[in-house]
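Asker: One structure coming up, written as structure tokens, with questions to follow.
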Amino acid sequence: MEVEVDFLEAAKGATKTVTFDRAEPCLECQGSGAKKGTSPDTCSTCAGRGAVVQSTGFFQIQTTCPSCRGQGTMIREFCPACDGAGRQARSREVTVDVPAGIEDGMRLRLAGEGEPGGAGAPPGDLYLVVRIREHELFARQDDHVLVEVPIAFTQAALGATIEVPTIDGKEDLKIKGGTQSGSLYTIRGKGIPSVRGGKRGDQIVRVVVEVPKKLTKKQEELLRSFAETEEANVTPERKSFFEKLKSYFEG
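Residue numbers (numbering that gives the first Met the number 0): 0 to 250.
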């Protein structure tokens, strides 16, 4: 069975309500499987032991009784509510504590919430597989939170302080002047806590420099002026690239 949680619930922990069907003792026959007012008869094949002994030469082998299938009793008239099964599927609702930092595909064990055992044995355990919905902003890598933030090319060139989202709310991040698109910044301790215990991971911010699609006349004039000064001051990276390009074409 699966339980679905969103990204923030998985990161911070949450309490979820889960509804499922479970086999419960039939209310009509109290789990006997026999029609109300009747009771099962002792199996004549095994005398109520639920097992028979077969002799083969010098050996004796004990096997489950083929008549009563190990129950030791035979039902003459089946309960109409459960058709003699002694059980009925009924809806059950339980609350589940989802620990902070849980990962997709991990299992949660609910002791005693599984199917009841045979011959009056207690119920087994129920295991829930956790599925985490994708978030529109955040992604996860181990215990780190990944987020992509767009910035203006003027902020990238000159530097700026911007607000970035974290799983705890907004956080100020200082962008250095000359930042390139795709650069990574780290905010320590703003990731996801380890489900196994220990410190939180970090948040990794990838900045994407946006180039405006439309410019005002004033902006265009300023950029053209900047472009003229840029041509006169070739950066080492561009100079190296042009030298490699020249070498490639000239052989």
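Cβ atoms here follow ideal geometry from the backbone N, Cα and C, with glycine treated the same way. Quantities reported herein were computed from a predicted structural model and do not represent experimental measurements.
Mind checking who residue 3 pairs with in its DSSP beta bridge?
Answerer: Paired residue(s): 130.
Asker: Beta-carbon within less than 6 Å of residue 127's beta-carbon, same chain only, minus the 5 sequence neighbours each way: which residues are those?
Answerer: Answer for residue 127: 0, 2 and 107, listed in chain order.
Asker: In this structure, how does DSSP classify residue 172 when only helix, strand and coil are distinguished?
Answerer: If DSSP states are grouped into helix, strand and coil, residue 172 belongs with the strands.
Asker: Distance check for residue 150 and residue 132, CA to CA, integer angstroms please.
Answerer: Roughly 27 Å separates the two Cα atoms.
Asker: Grab me the residues of residue 100's own chain with a C-beta within less than 6 Å of its C-beta, minus the 5 sequence neighbours each way, in chain order.
Answerer: Within the same chain, residue 100 has close Cβ partners 191, 192, 193 and 194.
Asker: Could you check whether residue 204 and residue 172 sit closer than 8 Å to each other, using their CB atoms as the reference points?
Answerer: Yes. Within cutoff.
Asker: Within 10 angstroms of its Cβ, does residue 142 collect 16 or more other Cβ (buried), or is it exposed?
Answerer: Buried, because 16 or more other Cβ atoms sit within 10 Å of the Cβ of residue 142.
Asker: Given a cut-off of 8 Å, decide if residue 125 and residue 109 are closer than it, judged by their beta-carbon atoms.
Answerer: Against a cut-off of 8 Å, the Cβ pair of residue 125 and residue 109 comes out as a contact.
Asker: From the DSSP output, in three-state form, read off residue 307 for me.
Answerer: It is not possible to answer for residue 307, since the shown part of the chain is limited to 0 through 250.
Asker: Residues bridged to residue 185 by DSSP?
Answerer: According to DSSP, residue 185 bridges with 203.
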